[in-house]
Each structure stands twice: as structure tokens, then as C-alpha cells.
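A.B. asks: Supplied in C-alpha cells, the structure appears directly below.
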Amino acid sequence: MKAAGVVVEYNPLHNGHVHHLKETRRLTGAEVVVAVMSGNFLQRGEPAFIDKWSRTELALRSGADIVFELPYRFAVAQASEFAEGAIGILAAARCSAFCFGSEDGRIGPFMNTLRLLEDQKAVYEAEVRRLVKTGISYPSALSRAYLSVADAETHQKPLADLTKPNNILGFQYIKAARSSGTGMTAFTVGRTGTGYHELGSDPDSGIMSATAIREVVREAGITDEVLRAVPGHTVRAMERFREEHGRFGGWDVFWPILRTLIIRDGAHRLRDVAEMTEGLEHRIVRAALAAPTFTEFMEAVKTKRYTWTRIQRILTHVLCGIDSGEFSRFREPRYLRLLGMTQAGRSYLNLYKDDFGLPLVSRAASSDDPMLSTDIRASDLYALGTGEKPGKDFRTPPIMTG
């Protein structure tokens with residue numbers, strides 16, 4: 001059975017995601033689509049809108065056949081590490097191809113960009129270092145250095161626009177696949193409708209960004225606009241989650257817990273938190289003492305050097321108790337954590353599980369891997385923040401759909 005992989009968060013799943021899954025199957029000719037999905041905390045350092053089990057079911061009902069959890073170590077990390085972890089899992093699961101959504105929509109410019117940056121590696125990295133020293137954020141330095149190197153090449157070959165969020169992640173997937181020698185073929189599907197962070201909707205395409213969906217649902221509930229943008233099973237999942245928990249996941253919900261932890265630990269302890277930059281811990285403590293809301297706190301902490309996303313990832317590490325030692329201890333995925341499967345996915349697992357590059361974990365209690373322990377701790381803290389009993393990882397078997 002031929003398998004193709006996708007890397008997803010589904011926060012929440014919308015019509016654009018369904019299109020991506022359908023196109024992945026069509027473009028790759030795969031019989032099985034394997035999704036690697038972030039758990040209850042996401043790459044941009046945010047608690048998930050609805051939990052990973054709800055999102056797993058949405059993935060299976062929308063075209064995925066197998067859902068593996070991307071471990072916390074990679075799910076809450078900068079783009080390159082996020083991509084390395086996800087591609088490592090897809091390769092271990094014997095995927096022959098992967099497909100990502102992009103603003104560009106063509107694979108050629110990504111391959112041209114990869115060759116350019118490989119050829120100009122020394123120049124590019126030197127420019128990144130120079131720009132970081134000027135005080136701008138690391139992502140901004142990467143983007144500006146790339147534009148500097150690309151300027152001389154644009155008239156010769158089309159290059160990917162690495163100022164766009166999905167293009168950035170897509171390029172990192174390709175780079176990770178190349179550097180690890182997976183042999184997987186890369187495909188991309190063009191995004192339609194609104195952009196990744198845009199808060200509007202495109203009535204012609206029925207597409208609305210996940211960011212916009214979350215904002216609307218929090219403020220006004222499930223409106224007609226949202227109903228046009230998501231499949232029915234997403235609507236039911238959101239309604240069920242709200243009914244069971246009385247709230248959706250988000251930093252506004254977790255802020256009282258996080259604020260307590262920051263003030264309790266103080267700058268001395270916070271300096272050991274994963275990805276904490278020296279001196280930022282003092283700024284975080286001062287802001288936590290003064291700011292009654294999460295948004296006010298973030299406005300006080302954010303600077304040109306420290307992006308909103310980077311700060312949120314650090315705060316996720318504070319919430320989940322992840323120190324630098326625990327974070328740097330793991331450089332590669334150590335298992336395939338199964339969250340759910342269809343009948344086709346089950347057949348694929350039965351055929352190939354003994355040949356996977358990593359051990360398959362279908363029950364949390366069956367493994368004492370310390371990386372998995374981190375995932376479970378993060379899930380338990382998410383449960384506490386959303387009003388649920390901890391321990392769901394031990395109570396919930398992999399979801400099975402027809």
C-alpha cells in the first residue's frame with residue numbers, strides 16, 4: 001500500500017484542509033494518507049482550540065487514514081525543528097511522498113530555493129548572523145538574508161516567497177527531507193481563499209482561515225459564515241467540546257494558571273526554561289505582575305527582537321514545566337504515537353508496522369519513553385486548563401472510524 005504524508009494542526013479543521021487531503025491523495029496516487037498532527041499545544045505556542053482527540057476524529061472523517069501525534073518536543077518548536085520531527089515520523093511510517101499547503105502552489109520554486117541556499121550557504125548564514133546582531137528577530141533575519149541572496153537569482157529561476165507562513169514551513173519540510181535522505185517526493189497544494197492569519201473570509205471559495213474561525217466562534221459563536229467555512233463534523237466537534245468544557249482552549253483561559261506560575265517561580269527559576277533568552281525572564285516577570293490579561297501581558301513583553309510566536313512558545317514551556325535540559329535532550333522522534341485510524345489505515349499498520357523505522361505506540365501505558373512522558377504531562381495540563389480530568393491519554397484508545 002502506497003502512503004503519502006501530511007503535517008497538520010487542524011486548529012480547527014476547515015474546508016481548505018479537506019481540499020488539501022483530497023489533493024494529497026490525487027497528486028501522490030496514495031492509497032493511505034498519514035497525518036502527523038500536533039498535540040494539545042501548537043507550533044506557534046498556543047493551546048489548541050479543541051483537544052487532540054477531537055481533532056484526530058476530524059482528520060479521519062476528512063480524508064486522513066492514520067493520525068500520529070507530533071511529540072511536544074517538535075510540535076512546540078521553531079519551524080526547522082517542527083519540520084524535522086514531522087518529516088522524521090512520516091519517513092519512519094514508510095511514506096513515499098508528502099504534500100503541504102503553500103501560498104506558492106508549485107513545487108519547482110521550492111526546489112530552486114533549496115538549491116540556491118545550498119549553493120550560497122556560507123553567504124546566507126553570514127548574513128543571518130549579521131542581521132541578528134542588529135537586534136531584529138531570528139525569523140526576520142532569515143527572511144531578509146534570503147531576500148538578499150535571492151535578489152540576484154530572481155530573473156533566472158522562480159523562487160519560493162519565504163515571507164509567507166505556509167511557504168516557510170513547506171520549505172523546511174523539503175529541507176528536512178533532503179538533509180535526512182528520506183527519499184520522499186515532495187508535492188504542494190496551493191492555498192485558496194484567505195491567508196493564514198487573515199481574519200476575513202472568502203465567500204466565493206467557502207474558505208476562512210483557522211485564525212478567523214477561532215476569533216468568530218469565541219466572539220459570536222458558530223455563525224453562518226463559519227458554517228460555510230467548515231465541514232459539519234467540525235461544527236459538531238466544536239459544539240461538543242464547548243458543551244463538555246464550557247470553553248475553548250486558548251491563552252485567555254490558561255492565563256490565570258500561567259500568571260501564577262510566572263510569579264511563583266520568579267526570574268531565577270524562569271531562566272532555565274527551554275528557549276529562554278538571557279534577560280527575557282525579568283521582562284516576563286515584570287509584565288506578569290502588572291498585566292491583568294494575557295493580551296496586555298504580551299504587549300508588554302513583545303519587542304522587535306522577541307516575536308509574539310517565540311514568546312508564546314517560551315510561555316508554553318513555562319506552563320508545561322519544560323526546562324532547557326529536557327528540551328535539548330531529544331533531537332529526533334523516538335516513537336510513532338497512534339491517535340487514530342480508518343479501516344484502510346488499520347490494514348496499512350498491520351502490513352508494515354514491523355518494518356517501521358520507529359516503534360509503534362498505540363497505548364500510553366505500554367511505553368515509559370521520557371519523550372512520551374512529556375507529551376502526557378502537556379496533555380494533562382491542557383486538561384486542567386480546559387476543565388477536564390487529567391489522564392485522558394491513558395483512558396483513550398486510538399480512535400477508529402470506518
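Just so it is clear: in the sequence shown, position 271 is 271 by the numbering used here, and no numbers are missing.
From the three backbone atoms N, C-alpha and C, an ideal C-beta is built for every residue, glycine too.
None of the values given here were measured: they were computed from a predicted structure.
Expressed to the nearest angstrom, what Euclidean distance is found between the alpha-carbon atoms of Thr386 and Ser209?
C.D. replies: Your numbering for residue 386 matches position 386 in the sequence shown. Your numbering for residue 209 matches position 209 in the sequence shown. Rounded to the nearest angstrom, the two C-alpha atoms are 23 Å apart.
A.B. asks: Among Glu46, Gly5, Ser324 and Ala97, which has the Cα closest to the Cα of Pro12?
C.D. replies: Residue numbering aside, residue 12 sits at position 12 when the sequence shown is read from its first letter. Checked all of Glu46, Gly5, Ser324 and Ala97; the closest Cα to Pro12 is Glu46.
A.B. asks: With distances taken from CA atoms, which of Pro359, Val123, Glu23 and Val301 is nearest Arg334?
C.D. replies: Counted from its first residue, the sequence shown places residue 334 at position 334. Of the candidates Pro359, Val123, Glu23 and Val301, Pro359 places its Cα closest to the Cα of Arg334.
A.B. asks: Among Ile66, Pro292 and Ile322, which one has its Cα closest to the Cα of Asp252?
C.D. replies: As a working note, residue 252 is residue 252 in the sequence shown. Among Ile66, Pro292 and Ile322, the Cα nearest to that of Asp252 is on Pro292.
A.B. asks: By a C-beta neighbour count over all protein chains shown, 10 Å radius and 16 as the cutoff for buried, is His19 buried or exposed?
C.D. replies: One-based indexing of the sequence shown puts residue 19 at position 19. Classification of His19: buried, given that the 10 Å Cβ count is 16 or more.
A.B. asks: Would you say Ala300 reaches chain D, if we count a Cβ-Cβ gap shorter than 9 Å as a contact?
C.D. replies: Absent from the structure: chain D. Only one protein chain is present.
A.B. asks: How big is the Cα-Cα spacing for Met1 and Ser102?
C.D. replies: Locating residue 1 in the sequence shown gives position 1, where the first residue counts as 1. Locating residue 102 in the sequence shown gives position 102, where the first residue counts as 1. When rounded, the distance between both Cα atoms is 27 Å.
A.B. asks: What's the call for Met371, buried or exposed, on a 16-neighbour Cβ count within 10 Å?
C.D. replies: Mapped onto the sequence shown, residue 371 falls at position 371. It is buried - the Cβ of Met371 has at least 16 other Cβ atoms within 10 Å.
A.B. asks: Would you please state the rounded distance, in angstroms, between the beta carbons of Thr188 and Asp104? I believe it to be under 8 Å.
C.D. replies: By one-based count along the sequence shown, residue 188 stands at place 188. By one-based count along the sequence shown, residue 104 stands at place 104. With 8 Å as the limit, Thr188 and Asp104 qualify as a contact, their Cβ atoms being about 7 Å apart.
A.B. asks: Need the endpoints of the beta strand (DSSP E) that Met341 sits in, please.
C.D. replies: As a working mapping, residue 341 is identified with position 341 in the sequence shown. Run containing Met341: Leu336 to Met341, per the beta strand (DSSP E) assignment.
A.B. asks: Do you know offhand how far Phe394's Cα is from Ser367's?
C.D. replies: For this step, residue 394 is matched to residue 394 along the sequence shown. For this step, residue 367 is matched to residue 367 along the sequence shown. Distance between the alpha carbons of Phe394 and Ser367: 11 Å.
A.B. asks: From Phe82 to Ala75, what does the alpha carbon distance come to, in whole angstroms?
C.D. replies: In the sequence shown, the residue the question calls residue 82 occupies position 82. In the sequence shown, the residue the question calls residue 75 occupies position 75. Computed Cα separation, rounded: 6 Å.
A.B. asks: Going by CA-CA distance only, name the one from Asn15, Ser54, Phe68 and Arg94 that's closest to Arg363.
C.D. replies: Residue numbering aside, residue 363 sits at position 363 when the sequence shown is read from its first letter. Closest option to Arg363, Cα to Cα, is Phe68.
A.B. asks: In chain order, what residues of the same chain lie with their CB nearer than 6 Å to the CB of Met111, ignoring the 5 residues before and after it?
C.D. replies: In the sequence shown, counting from the first residue as 1, residue 111 sits at position 111. No residues qualify anywhere along the chain.
A.B. asks: How far does the alpha helix (DSSP H) with Met111 in it extend, from its first residue to its last?
C.D. replies: Taking the first residue of the sequence shown as 1, we reach residue 111 at position 111. Start and end: Gly108 to Asp119.
A.B. asks: When the Cα of Leu116 is compared with those of Gly325, Ala145 and Thr56, which residue comes out closest?
C.D. replies: Position 116 of the sequence shown holds residue 116. Out of Gly325, Ala145 and Thr56, Ala145 has the C-alpha closest to the C-alpha of Leu116.
A.B. asks: Quick check: the segment 309 to 321 against the segment 21 to 31, are at least 3 beta-carbon pairs closer than 8 Å?
C.D. replies: With a cut-off of 8 Å on Cβ pairs, the segment 21 to 31 is not in contact with the segment 309 to 321, counting fewer than three such pairs.
A.B. asks: Whole angstroms are fine: how far does the CA of Gly345 sit from the CA of Arg247?
C.D. replies: Here residue 247 is taken as the residue at index 247 of the sequence shown, counted from 1. Here residue 345 is taken as the residue at index 345 of the sequence shown, counted from 1. Distance between the alpha carbons of Arg247 and Gly345: 32 Å.
A.B. asks: Which runs of the alpha helix (DSSP H) spanning at least 4 residues fall entirely within the segment 221 to 308, listed in chain order?
C.D. replies: Listed in chain order, they are 224 to 229, 232 to 245, 251 to 270, 280 to 290 and 294 to 301.
A.B. asks: Assuming Gly325 is part of the alpha helix (DSSP H), what are its boundary residues?
C.D. replies: As a position in the sequence shown, residue 325 is number 325, starting the count at 1. For Gly325, the enclosing alpha helix (DSSP H) begins and ends at Ser324 to Arg329.
A.B. asks: Taking DSSP as the reference, what is the three-state secondary structure of Met208?
C.D. replies: One-based indexing of the sequence shown puts residue 208 at position 208. Three-state DSSP puts Met208 in a strand.
A.B. asks: Could you name the residues that DSSP lists as bridge partners for Gly5?
C.D. replies: Translated into positions along the sequence shown, residue 5 becomes position 5. For Gly5, which the question treats as bridged, DSSP gives the partners Val34 and Phe98.
A.B. asks: Skipping 5 residues on each side, what residues in its chain have a beta carbon closer than 6 Å to that of Phe330?
C.D. replies: Position 330 of the sequence shown, counted from the start, is the residue given in the question as residue 330. Around Phe330: Arg73 and Met371.
A.B. asks: Just curious, the alpha helix (DSSP H) that Ile50 is in, first and last residue?
C.D. replies: One-based indexing of the sequence shown puts residue 50 at position 50. Note, Ile50: premise wrong, no alpha helix (DSSP H); not H, not E.
A.B. asks: Helix, strand or coil: how does DSSP classify Val318 here?
C.D. replies: On the sequence shown, position 318 is the one that residue 318 refers to. In this structure, Val318 counts as helix in the three-state DSSP scheme.
A.B. asks: By how many angstroms is the C-alpha of Asp224 removed from the C-alpha of Asp51?
C.D. replies: Along the sequence shown, read from residue 1 onward, the residue named residue 51 stands at position 51. Along the sequence shown, read from residue 1 onward, the residue named residue 224 stands at position 224. Looking at the two C-alpha atoms, the distance is approximately 24 Å.
A.B. asks: Determine the DSSP secondary structure at Thr56, reduced to helix, strand or coil.
C.D. replies: Here the question's residue 56 lines up with position 56 in the sequence shown. In the three-state scheme derived from DSSP, where H, G and I count as helix and E and B as strand, Thr56 is classed as helix.
A.B. asks: From the DSSP output, read off the bridge partner residues of Leu70.
C.D. replies: The sequence position of residue 70 within the sequence shown is 70, counting from 1. According to DSSP, Leu70 bridges with Ser38.
A.B. asks: Less than 7 Å between C-beta atoms, sequence neighbours within five positions excluded: which residues of the same chain meet that for Glu198?
C.D. replies: Reading the sequence shown from its first residue, position 198 is the one you call residue 198. Annotation note: pLDDT 48 at Glu198 (below 50); position unreliable, coordinate value reported separately. The answer, listed in chain order, is Ser209 and Ala212.
A.B. asks: Considering Cα atoms alone, identify which of Leu58, Ala177, Gly85 and Phe171 is closest to Ala97.
C.D. replies: For the purposes of this step, residue 97 is taken as residue 97 along the sequence shown, with counting starting at 1. Of the listed residues, the one whose Cα sits closest to Ala97 is Ala177.
A.B. asks: Is it true that the CB of Leu159 sits closer than 9 Å to the CB of Ala150?
C.D. replies: Translated into the one-based positions of the sequence shown, residue 150 becomes position 150. Translated into the one-based positions of the sequence shown, residue 159 becomes position 159. Yes, the Cβ-Cβ distance between Ala150 and Leu159 is below 9 Å.
A.B. asks: Looking only at DSSP bridge pairs, what is Leu360 linked to?
C.D. replies: Taking the sequence shown and counting its residues from 1, one reaches residue 360 at position 360. Paired residues: Leu336.
A.B. asks: Please report the Cβ distance between Ala92 and Gly357, rounded to the nearest whole angstrom; I am assuming they are in contact, meaning their Cβ atoms lie under 8 Å.
C.D. replies: By one-based count along the sequence shown, residue 92 stands at place 92. By one-based count along the sequence shown, residue 357 stands at place 357. With a Cβ gap of about 3 Å, Ala92 and Gly357 count as contacting.
A.B. asks: With a cut-off of 8 Å on the beta carbons, I'd call Leu381 and Cys320 a contact; round off their distance for me.
C.D. replies: Along the sequence shown, one-based indexing puts residue 381 at 381. Along the sequence shown, one-based indexing puts residue 320 at 320. 6 Å between Cβ atoms; contact.
A.B. asks: When you compare only the Cα positions, how much space is there between Glu278 and Arg25?
C.D. replies: In the sequence shown, counting from the first residue as 1, residue 278 sits at position 278. In the sequence shown, counting from the first residue as 1, residue 25 sits at position 25. Computed Cα separation, rounded: 46 Å.
A.B. asks: Reducing DSSP to helix, strand and coil, say where Ile399 ends up.
C.D. replies: If you number the sequence shown from 1, residue 399 lands on position 399. Strand at Ile399.
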